[in-house]
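Reviewing the structure listed below.
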Amino acid sequence: MRVQVTAASRIVVKVGSSSLTTATGGLDRQRVDALVDALAGHPAETVLVSSGAIAAGLAPLGLPRRPRDLATQQAAASVGQGLLMQAYTESFARHSKTVGQVLLTVDDVTRRVHYRNAYRTLRRLLDLNTMPIVNENDTVATEEIRFGDNDRLAALVAALVRADLLVLLSDVDALYTGDPAKPGTRRIAEVRDDEDLAGISIGKAGRAGVGTGGMLTKVEAARIATHSGIPVILTSAPLAAAALSGEEVGTLFHQVGHRPTARLFWLAHATSPRGRLHLDPGAVRAVVDRRASLLPAGITAVDGRFAAGDPVDLVDAGGRPVARGLVNYDATELPGLLGRSTPELAAELGPGYEREVVHRDDLVLL
């Protein structure tokens with residue numbers, strides 16, 4: 049038995065579209081019920097990250113396949129999300145379990161106030177013995193603020209709720225050395241570090257054609273989670289009950305790092321920079337070595353178009369990102385402040401300018 053499973057008091061489970069829907073779209077209620085039966089019988093606090101909204105909306109809208117344009121994807125998600133939650137509500141009701149919907153965008157978990165609210169909502173749902181069902185808010189997310197895939201979202205949610213285990217469920221029962229349909233490939237039972245993945249051919253596309261991920265996104269999600277101190281089990285949805293009971297199915301990714309501050313972990317892994325701040329050597333040392341806030345005096349140049357509160361990369365003289373942070377000024381404001389001290393700026397422009405460009409509490413090293 050896997051002690052990483054049997055000792056876990058809080059788990060995050062992610063299930064992909066191909067494990068819940070048919071290739072032409074539409075929910076498979078038998079698959080939904082089988083997953084719910086596995087989750088409802090587990091004693092640990094559980095958060096479910098579920099794909100399937102867009103796929104569930106295809107058939108009702110008469111769409112033969114997953115659309116490529118964002119607007120039609122959002123329309124399908126708008127129809128399908130309600131159907132997905134209806135299926136989960138009815139299925140969990142068989143176990144006298146209430147469910148709650150939580151739709152997230154990147155902004156919800158990188159901006160300080162939004163992040164705290166997201167955590168409080170998930171924490172309160174668990175306290176009320178309710179199953180949080182998390183998905184990306186596909187109906188409003190734009191390309192700039194998308195997580196990209198729900199495997200990555202699940203790894204980040206696991207860090208957010210301080211989970212003891214992440215379980216990634218798909219249509220493949222484990223990680224293999226190559227295409228599992230071809231002879232000569234073998235199942236990889238455990239991954240202890242990145243060296244165990246050397247020489248492995250990892251596919252990029254799922255078989256069913258209704259999801260966005262593949263084995264590559266799952267391995268990347270496992271890397272994110274394990275480097276935040278969370279072990280990961282990768283297996284297929286039909287083996288969910290066996291995996292959650294501690295049986296040695298699928299692939300176990302061992303944790304390789306210690307648990308960081310969850311919000312800064314989100315900032316490092318869930319965001320894309322809207323711009324870059326070029327730092328002089330002194331500012332690089334202050335940020336990297338002393339973990340100090342970034343002041344205008346240490347910035348030599350500004351790239352990009354961003355607003356106050358947006359994520360930006362802090363780069364050294366060679367253009368290498370050394371940190372990422374939430375900036376306190378718009379891109380149009382900063383050029384006139386560069387190289388100047390905060391007391392000087394406050395004396396000339398007012399007390400509102402005696403503040404950091406990036407506060408150390410909003411900054412993570414890369």
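Residue numbering for the sequence shown follows the numbering used here, beginning at 49 and increasing consecutively. Heads up, the beta-carbon is just placed ideally off N, CA and C, and yes, glycines get one too.
Length of the line joining the Cα atoms of residue i and residue j
i	j	result
residue 318	residue 406	18 angstroms
residue 295	residue 50	6 angstroms
residue 219	residue 97	16 angstroms
residue 272	residue 242	12 angstroms
residue 275	residue 345	34 angstroms
residue 368	residue 225	34 angstroms
residue 373	residue 143	44 angstroms
residue 282	residue 398	55 angstroms
residue 355	residue 378	4 angstroms
residue 203	residue 236	20 angstroms
residue 292	residue 54	8 angstroms
residue 91	residue 177	11 angstroms
residue 60	residue 383	44 angstroms
residue 208	residue 170	9 angstroms
residue 312	residue 408	11 angstroms
residue 66	residue 150	21 angstroms
residue 336	residue 390	20 angstroms
residue 185	residue 129	9 angstroms
residue 277	residue 396	47 angstroms
residue 375	residue 230	50 angstroms
residue 238	residue 244	8 angstroms
residue 173	residue 179	7 angstroms
residue 106	residue 114	7 angstroms
residue 2	residue 305	Look at the range of the chain in this structure, 49 to 414, and you will see that residue 2 is not part of it.
residue 120	residue 392	52 angstroms
Contacts around residue i, its chain only, beta-carbon distance under 7 angstroms, and the 5 residues preceding and following it disregarded
i	result
residue 279	52, 213, 300, 301, 302, 303
residue 69	75, 76, 100, 103, 104, 258
residue 298	221, 222, 281, 282, 283, 287, 291
residue 316	372, 412, 414
Closest by C-alpha distance to residue i, when choosing among the options
i	options	result
residue 86	139, 128, 108	139
residue 362	380, 334, 385	334
residue 330	322, 321, 343, 320	343
residue 401	385, 352, 61, 84	385
residue 388	410, 348, 353	348
residue 153	119, 130, 179, 197	197
residue 56	118, 328, 93	93
residue 321	156, 359, 332	359
CB-CB length for residue i against residue j, believed under 8 angstroms
i	j	result
residue 147	residue 102	At roughly 20 angstroms, the Cβ-Cβ gap does not stay under 8 angstroms, so residue 147 and residue 102 are not in contact.
residue 163	residue 314	7 angstroms
residue 124	residue 109	6 angstroms
residue 364	residue 324	Actually they are not in contact, since the Cβ atoms of residue 364 and residue 324 sit about 11 angstroms apart, beyond 8 angstroms.
residue 199	residue 266	5 angstroms
residue 63	residue 285	6 angstroms
residue 341	residue 404	4 angstroms
residue 216	residue 269	6 angstroms
Residues near residue i by beta carbon distance below 8 angstroms, same chain, minus five either side
i	result
residue 80	68, 135, 136, 139
Beta carbon proximity, residue i to chain D, threshold 7 angstroms
i	result
residue 379	You won't find chain D in this structure, because it holds only one protein chain.
Own chain, CB closer than 6 angstroms to residue i, minus 5 neighbours either side, in chain order
i	result
residue 248	225
residue 394	401, 402
residue 82	none
Complete alpha helix (DSSP H) runs within the segment 84–132 (minimum length 4 residues, chain order) = When DSSP assignments are scanned along the segment 84–132, the uninterrupted stretches of alpha helix (DSSP H) that are 4 or more residues long and fall wholly within it turn out to be 101–109.
What residue ranges within the segment 303–389 form continuous beta strand (DSSP E) runs of no fewer than 3 residues, ordered along the chain?
-> Assignment of beta strand (DSSP E) within the segment 303–389, counting only whole runs of 3 or more residues, yields 323–327, 347–352, 359–363, 369–374 in chain order.
Of all the alpha helix (DSSP H) runs that stay within the bounds of the segment 191–238, which reach a length of 4 or more residues?
-> For the segment 191–238, whole alpha helix (DSSP H) runs of length 4 or above, ordered along the chain, are 198–208.
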